[in-house]
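**Q** This note's numbering puts the first residue of the sequence shown at 32, with every later residue one more than the last.
We put the beta carbon where it would ideally sit given N, CA and C, even for glycine.
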Amino acid sequence: TFVAASTIGICLAILIAALSEPLTALLGLPDAAPFVRILALAFGIGSLGVASNAALERDLRFTARATVEVSSYVALGAVTVAGLYLGWGALALAWGYVAQGSVQAALAVALELPWRHRTRGTLRFRSFARYGGLLWASAVLTYLAISLDNVAVAALGGAAAIGVYALSYTVGTMIAISLAQVLNRVALPYYARAVDDAGRLVTFTSVVPLSTALAILAAAPVIALAPEIRDLLLGPTAPAAPLAILAAYGVVRAVGVAVGTALNGSGAARPVTLTAAVNVGLIAVFVVPGYRIAGPTGVAVVVLVSLASSIALLRGVIHRHGASLAFLGAPAIGVTLLVLLVIGPLGPVPLIVRVAAGASATILAAAWAGRIVRAGRLGVPTVTNAT
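#1: I need the straight-line Cα distance from Leu91 to Ala56, nearest angstrom please.
#2: Determine the closest residue to Gly401 out of Ala244, Thr94, Gly347, with distance taken between C-alpha atoms.
#3: Using three-state DSSP, classify Gly77 as helix, strand or coil.
#4: In terms of residues, what are the limits of the alpha helix (DSSP H) holding Arg346?
#5: In the structure shown, what three-state DSSP assignment does Arg405 receive?
#6: May I have the straight-line CA-CA distance separating Ala271 from Val238, to the nearest angstrom?
#7: Gly194 to Ala207, Cα distance in whole Å?
#8: Note down, in chain order, each residue of its chain lying with its Cβ closer than 6 Å to the Cβ of Asn416, except the 5 sequence neighbours on either side.
#9: Report the three-state DSSP secondary structure of Ser102 (helix, strand or coil).
#10: In angstroms, rounded to a whole number, what distance separates the CA positions of Val34 and Gly40?
#11: Pick helix, strand or coil for Ala121, following the three-state DSSP scheme.
#12: According to DSSP, is Glu259 helix, strand or coil?
#13: Could you check the C-alpha separation between Leu248 and Ile394 for me, to the nearest Å?
#14: For Ala251 and Gly389, I'd like the C-alpha separation in whole angstroms.
#15: If we call anything under 8 Å between Cβ atoms a contact, is Ala130 one with Ala106?
#16: Going by DSSP, what residue range makes up the alpha helix (DSSP H) through Pro320?
#17: Can you have a look at Ile45 and say buried or exposed, based on whether 16 or more other CB atoms are within 10 angstroms of its CB?
#18: What does the alpha-carbon distance come out to for the pair Val330 and Ile177?
#19: Arg385 and Val373: beta carbons closer than 8 Å?
#20: For Gly13 and Ala308, I'd like the C-alpha separation in whole angstroms.
#21: Quick check: the region 311-322 against the region 164-182, are at least 3 beta-carbon pairs closer than 8 Å?
#22: Would Ala354 count as contacting chain C if we go by Cβ distances under 8 Å?
#23: Please report the straight-line C-alpha distance between Pro302 and Val348, rounded to a whole angstrom.
#24: Nearest to Leu305 by CA position, among Ala73, Val253, Leu338, is which residue?
#25: Taking only the alpha-carbon atoms, compute the straight-line gap between Ile364 and Ala299 and give it to the nearest angstrom.
#26: What residue from Val217, Ala398, Gly360, Arg261 has the CA that sits closest to Ala97's CA?
#27: Are the beta-carbon atoms belonging to Ser78 and Ala36 less than 8 Å from one another?
#28: Pick from Ile69, Ala121, Ala197, Ala257: whose alpha carbon is nearest that of Gly375?
Okay, structure coming up:
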């Protein structure tokens, strides 16, 4: 794993550095080439710690992993501030990323020597390469899915439209998705190290509902107050519907992160990759018509429905592993009704109604999350350290 991750990272860094000038020239930003080369260096250095960081998570050494993460961000801040003080300008941030990658890689390797976990046998390495390839494909497809809508809005609507859409996406989804990613990063080794589906089911029945509840907790206030947030950030002439719809998309995305983590950790990466391809295909087909019908609001509807449809395709796979997504019915109805209070045919309902509905959804989500935390469990990792 160390050799593969480091080789891929260093090769990509060299490629990015070599293409920095033509790429920045193509984008009309030729002065950014030095910045890109320094970021490529940071990426290459950081790849040296990927295997060790993964091993720390797999061995459930989250205190050590947190030490690596916090120390790297301290290095990022210290070097960036020092660089700004010395007058480096934007390059200060780039060198800060180099410091972050260096500290992260060095500490991770010191805490977990990557060559301690070696793959024995060609068959096992082939399985690793095949599984890793599916994860790479899924990551690429996910990147395409979250980029196609931005490209379409920018190409069809120009700077004003992409400004509305991008800010709505960031405000609506950032907290919900970040919470889901952190939670499922912790859950992944529990899925991977469980000896059978029974152990994984214990983790699934805690983590997926908790990811959903936390996402609703973050999204409900944004949806309910979408017109007011719109007025504050974008002005009263901008549409509020994209913000409300994309906040709901953040909830669906959190569910997707949780379900994808469960299946990937259980060795079922192929269906996750296939559904990611379906999601990209649906967006590619409908994003342009969606924009032409309703502008950024239409695009937001397309990405929401496409992602929800692709996740629904995983129900059969999840059922075969003994789990179910039936618990998502009530939250889906609740979030949909909350969105309709903002984007209904008559426009937003009075603020007091939206506040009451948003507060109710937030309280219910908090209570649900509290019950899960009090009663939930993670599957006991019964498998010894694999090589």
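**A** This is what the structure holds:
#1: Leu91 and Ala56: Cα-Cα distance of roughly 45 Å.
#2: The shortest Cα separation from Gly401 among Ala244, Thr94, Gly347 belongs to Ala244.
#3: When secondary structure is reduced to three states using DSSP, Gly77 falls in the helix class.
#4: Looking at the DSSP string, the run of the alpha helix (DSSP H) that includes Arg346 is 346-351.
#5: Correct three-state label for Arg405: helix.
#6: Each residue's Cα considered, the two are about 32 Å apart.
#7: Taking C-alpha positions only, Gly194 is separated from Ala207 by approximately 21 Å.
#8: Per-residue confidence for Asn416 stands at a pLDDT of 42, beneath the threshold of 50, marking its modelled position as unreliable; the derived number appears in the next sentence. No residues qualify anywhere along the chain.
#9: When secondary structure is reduced to three states using DSSP, Ser102 falls in the helix class.
#10: Looking at the two C-alpha atoms, the distance is approximately 10 Å.
#11: In this structure, Ala121 counts as coil in the three-state DSSP scheme.
#12: It is helical.
#13: Computed Cα separation, rounded: 8 Å.
#14: Distance between the alpha carbons of Ala251 and Gly389: 5 Å.
#15: Cβ distance < 8 Å, so Ala130 and Ala106 count as in contact.
#16: Unbroken alpha helix (DSSP H) run through Pro320: 300-343.
#17: Ile45 is exposed by the Cβ-count criterion.
#18: Approximately 12 Å between the Cα atoms of the pair.
#19: It is a contact, given that the beta carbons lie within the stated cut-off.
#20: Because the chain spans 32 through 418 in this model, residue 13 falls outside it and cannot be assessed.
#21: When Cβ pairs closer than 8 Å are counted between the two stretches, the region 164-182 is seen to touch the region 311-322, the count reaching three or more.
#22: Although the question refers to chain C, the structure presented lacks it and comprises just one protein chain.
#23: Approximately 8 Å between the Cα atoms of the pair.
#24: Nearest neighbour of Leu305 by Cα position, chosen from Ala73, Val253, Leu338, turns out to be Leu338.
#25: Cα to Cα, the separation comes out at about 29 Å.
#26: Measuring from the Cα of Ala97, the nearest candidate turns out to be Val217.
#27: Contact flag set, yes.
#28: Of the candidates Ile69, Ala121, Ala197, Ala257, the one whose C-alpha sits nearest the C-alpha of Gly375 is Ala257.
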